[in-house]
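Q: So the protein lines, in turn, are chains D and E.
Heads up: the first sequence runs through residues 595 to 903, numbered per this note's numbering.
Heads up: the second sequence runs through residues 595 to 903, numbered per this note's numbering.
Number of protein chains: 2
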Amino acid sequence: MTRILELDEIRAALATVDLIAEIEKGFVAYSKGMSVVPPVGELLLDKGEVHIKYGFIRSQPHYVIKIASGFYGNPELGLPSGEGCMLVFSQKTGQLEAVLLDRAHLTDVRTAVAGAIAAKYLAPADTSRIGIVGTGVQAQAQLEHLESVTRCRDVLVWGRSEQSLDRYPAMASFRVKKTRDLAEIQASCNLIVTTTPSTEPLLDDAKIRPGTHITAVGSDTPDKQELSTECLRRADLVVADSIAQCQLRGEISHALRRGDIQQEQVAELGNVIAGVTPGRSDESQVTIADLTGVAVQDIQIATAVLRVK
Amino acid sequence: MTRILELDEIRAALATVDLIAEIEKGFVAYSKGMSVVPPVGELLLDKGEVHIKYGFIRSQPHYVIKIASGFYGNPELGLPSGEGCMLVFSQKTGQLEAVLLDRAHLTDVRTAVAGAIAAKYLAPADTSRIGIVGTGVQAQAQLEHLESVTRCRDVLVWGRSEQSLDRYPAMASFRVKKTRDLAEIQASCNLIVTTTPSTEPLLDDAKIRPGTHITAVGSDTPDKQELSTECLRRADLVVADSIAQCQLRGEISHALRRGDIQQEQVAELGNVIAGVTPGRSDESQVTIADLTGVAVQDIQIATAVLRVK
């Protein structure tokens, strides 16, 4: 029998899971070569884009297929832009054990948790202000999940318009100010998270201050780009969630194509977590984490939900 | 809301659908470039293999993602080797409209229907005996679906062992005889369907008689092979369900790699159906159809089921 889990059940289960620990284990398994993660399946439609991420960790009982889409005209129709589900199968018999009708919520959460993990290992110890670039679902989720990994509670959120900034909610745990000036983000924040679907660089390498950490989560395709490639050249440490995937997608792919960085300079998040590769070694370093989203995150969050349900 | 359809509902819906007409439309749309079908996603596990086929036909309201797996040790555990499901989403909003928990039955059926379509356009008019190579689910399904496209009712089934032959059921509409001698299939049948997961050629090019049509459905990976590459060289007409896919998977991929045929010689099934490319033009021709399974079949069968439910 296949179990069908609806979003409310999934949310309830999530509340009981140590997500950072689960997803860290996924990244470590990935970087140690203990997982099988084929290239991302992609479907480009007139109104949206779909990603299929799938794979398994060898030591586990399940394999997972995750579908997540973004249809950016949906809000005009009164629908969320994100949609998706996760399918959990047995590695031993192939049986479909569960369909998680998460409407892409698990993708939002596992992406935000990866941002928190990047900050945990790479943000400066004296994070004085958090800069959030973007105002959407992920801009909110990233900040929520930073709460447990930093003591900093001062936040500056950047949006393109007053209207979009108005949509960004007040947060119980943070003092949130808002701006339409990206230079203000770069001048006052030393932990910056970029969360937009931009195809033009937003951050200016000349304005990056020493001691800044940037997590770029918006770009997950070959086209999207939030950081100029010079930002990556300027960085002392560039970390990918998946080196293989970041060669094809995201900020690192642009910088590699432009020759602004070499692949050998890119560290992998799972190796930083495991201590195999050094993370931030100095408060004055500039560090960048490029997160394109890896199936091990989906595997870990889906199976964690299933374990507690 | 996402509808969840169980296998019994799917079977009931299928009974009301003109499957040959629906799937012919899919092949024609594919060959006319009216569909988007990315390369097959594949996951190889210790105990089985998984294929993810997905895409859309531009003029339609839905896109479809299909998962189907083969875990060949399952029968020893009392489970069917095949498993899978189909997901139907809106092309306009990305919403997941239905999950078809078909346990791979729709994959079995659409594969068998493609075999019937191949026979409809390529088998000799005077088909005197049908040869079925293999005794599994697909060996049975292929024969069932041939009923509407040929008047021939004499069948010879080949299996590796008496035990496997014993499992092949009696058929109400056909006179079925059984053999363990492949040469007998080649000597007496002029419509042969190969349905095994063999990785070694089973049919012998020297024994192919003029006027024979062969449909090869067993090989859907780069490794599996049921026909020697010389069989394809010997054929007057080689038809692929998808030329793009058959370059990477199935019988044609082996023959191309060996140089036994050239890509320009391969016709595409949708073009034969549409009359763009000639099918069989002479009763003495040897024709081969290589079916690796294309997402348009999944799209057509899933959306047809959904329309009548």
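In this text, a Cβ means the ideal position worked out from N, Cα and C, and glycines have one as well.
Per the contact definition of three or more C-beta pairs closer than 8 Å, is the segment 750-760 of chain D in contact with the segment 699-709 of chain D?
A: Too few Cβ pairs lie closer than 8 Å, so no.
Q: Any residues in the segment 646-675 of chain D with a beta carbon nearer than 9 Å to a beta carbon of chain E? Which ones, in chain order?
A: Residues passing the 9 Å Cβ filter: I646, Y648, G649, F650, R652, Y657, I659, I661, S663, G664, F665, G667, N668, L671, L673, S675.
Q: Roughly how many angstroms lie between the CA atoms of E:T610 and E:K903, to the nearest whole one?
A: As a position in the second sequence, residue 610 of chain E is number 16, starting the count at 1. As a position in the second sequence, residue 903 of chain E is number 309, starting the count at 1. Spanning the two alpha carbons is a distance of roughly 10 Å.
Q: Between which residues of its own chain and D:L637 is the CB-CB distance below 6 Å, once the five residues before and five after are set aside?
A: Counted from its first residue, the first sequence places residue 637 of chain D at position 43. If we look at D:L637 and ignore the five residues flanking it on each side, its Cβ neighbours are V644.
Q: How do the segment 874-885 of chain E and the segment 814-833 of chain E stand: do at least 3 beta-carbon pairs fall below 8 Å, yes or no?
A: The segment 874-885 of chain E is in contact with the segment 814-833 of chain E.
Q: My output table needs one value for D:S625: the three-state DSSP class, helix, strand or coil.
A: For the purposes of this step, residue 625 of chain D is identified with residue 31 of the first sequence, where counting begins at 1. Helix at D:S625.
Q: Would the C-beta of D:S813 count as close to the ligand FAD, meaning under 6 Å from any of its heavy atoms?
A: In the structure on display, the ligand FAD does not appear, and there are no ligands present to speak of.
Q: Quick one: is D:G627 buried, meaning 16 or more other Cβ sit within 10 Å of its Cβ, or exposed?
A: Sequence index remark: in the first sequence, residue 627 of chain D carries index 33 (1-based). By the neighbour-count rule (16 or more Cβ atoms within 10 Å), D:G627 is not buried but exposed.
Q: If you reduce the DSSP assignment to three classes, tell me which class E:G620 lands in.
A: One-based indexing of the second sequence puts residue 620 of chain E at position 26. It is helical.
Q: Between which two residues does the alpha helix (DSSP H) carrying D:D567 extend?
A: In the structure as shown, chain D begins at 595 and stops at 903. Residue 567 of chain D is therefore absent and cannot be evaluated.
Q: Compare the C-alpha of D:F683 against each of E:D798, E:G642, E:A800, E:V749 and name the closest.
A: In the first sequence, the residue the question calls residue 683 of chain D occupies position 89. The residue with the shortest Cα to Cα distance from D:F683 is E:G642.
Q: Might you give, ordered along the chain, the residues of its own chain that have their beta carbon closer than 7 Å to the beta carbon of E:Y624, omitting 5 neighbours on each side?
A: Locating residue 624 of chain E in the second sequence gives position 30, where the first residue counts as 1. Contacts found: V631, S836, G864, V888, V890.
Q: In terms of alpha-carbon separation, which member of D:G844, D:A710, D:A764 lies closest to D:R745?
A: The residue given as residue 745 of chain D occupies position 151 in the first sequence. When each option's Cα is compared against that of D:R745, the closest is D:A710.
Q: Can you name the start and end residues of the alpha helix (DSSP H) that D:Y762 belongs to?
A: Against the first sequence, residue 762 of chain D aligns to sequence position 168. Careful: D:Y762 lies outside any alpha helix (DSSP H) and carries neither H nor E.
Q: Among D:E877, D:T886, D:Q894, D:A896, which one has its Cα closest to the Cα of D:A719?
A: Sequence index remark: in the first sequence, residue 719 of chain D carries index 125 (1-based). For the residues D:E877, D:T886, D:Q894, D:A896, the minimum Cα distance to D:A719 belongs to D:E877.
Q: So, does the CB of E:T705 fall closer than 7 Å to a CB anywhere in chain D?
A: Stepping through the second sequence from its first residue, residue 705 of chain E is reached at position 111. Chain D contact via Cβ: absent.
Q: Taking Cβ-Cβ distances below 8 Å as the criterion, which residues of the segment 621-636 of chain D are in contact with chain E?
A: Of all residues in the segment 621-636 of chain D, V630, P632, G635, E636 have a Cβ within less than 8 Å of some Cβ in chain E.
Q: Which stretch, first to last residue, makes up the beta strand (DSSP E) that contains E:A861?
A: The residue given as residue 861 of chain E occupies position 267 in the second sequence. It spans 860-862 - the beta strand (DSSP E) in which E:A861 sits, taken as one unbroken run.
Q: Listing by chain order, which chain E residues have their CB less than 8 Å from the CB of D:I598?
A: In the first sequence, residue 598 of chain D corresponds to position 4, counting from 1. Chain E residues near D:I598: I598, V693.
Q: Identify which residue in D:I724, D:E618, D:R874, D:L599 has its Cα closest to the Cα of D:N784.
A: Translated into positions along the first sequence, residue 784 of chain D becomes position 190. Per the Cα distances, D:I724.
Q: Alpha carbon to alpha carbon, how far is D:E794 from D:T806?
A: In the first sequence, counting from the first residue as 1, residue 794 of chain D sits at position 200. In the first sequence, counting from the first residue as 1, residue 806 of chain D sits at position 212. Looking at the two C-alpha atoms, the distance is approximately 21 Å.
Q: Reducing DSSP to helix, strand and coil, say where E:G667 ends up.
A: Stepping through the second sequence from its first residue, residue 667 of chain E is reached at position 73. In the structure shown, E:G667 sits in coil (DSSP, three-state: anything other than H, G, I, E or B).
Q: Considering only the alpha carbon of each residue, which of D:V833, D:L850, D:A896 lies closest to D:G873?
A: Numbered from its first residue, the first sequence carries residue 873 of chain D at position 279. Of the candidates D:V833, D:L850, D:A896, the one whose C-alpha sits nearest the C-alpha of D:G873 is D:V833.
Q: Provide the residue(s) that pair with E:Y657 in DSSP beta bridges, ordered along the chain.
A: As a working mapping, residue 657 of chain E is identified with position 63 in the second sequence. According to DSSP, which records beta bridges pairwise, E:Y657 is partnered with E:F650, E:F683.
Q: E:G642 versus chain D: which residues are under 7 Å apart at the beta carbon?
A: Residue mapping note: residue 642 of chain E aligns to position 48 of the second sequence, counting from 1. Within 7 Å Cβ-Cβ: G688.
Q: Assign E:K801 to buried or exposed, taking buried as 16 or more other Cβ atoms, counted over all protein chains shown, within 10 Å of its Cβ.
A: Residue mapping note: residue 801 of chain E aligns to position 207 of the second sequence, counting from 1. Its Cβ having fewer than 16 others within 10 Å, E:K801 is exposed.
Q: Give a yes or no on whether 7 Å exceeds the smallest Cβ distance from E:E738 to chain D.
A: Locating residue 738 of chain E in the second sequence gives position 144, counting from the first residue. Chain D contact via Cβ: absent.
Q: Are the C-beta of D:E603 and some C-beta of chain B separated by less than 7 Å?
A: Structure shown: chain B not included; protein chains present are D and E.
Q: Using a C-beta cutoff of 7 Å, does E:C840 count as contacting chain D?
A: As a working note, residue 840 of chain E is residue 246 in the second sequence. So, not an interface residue.
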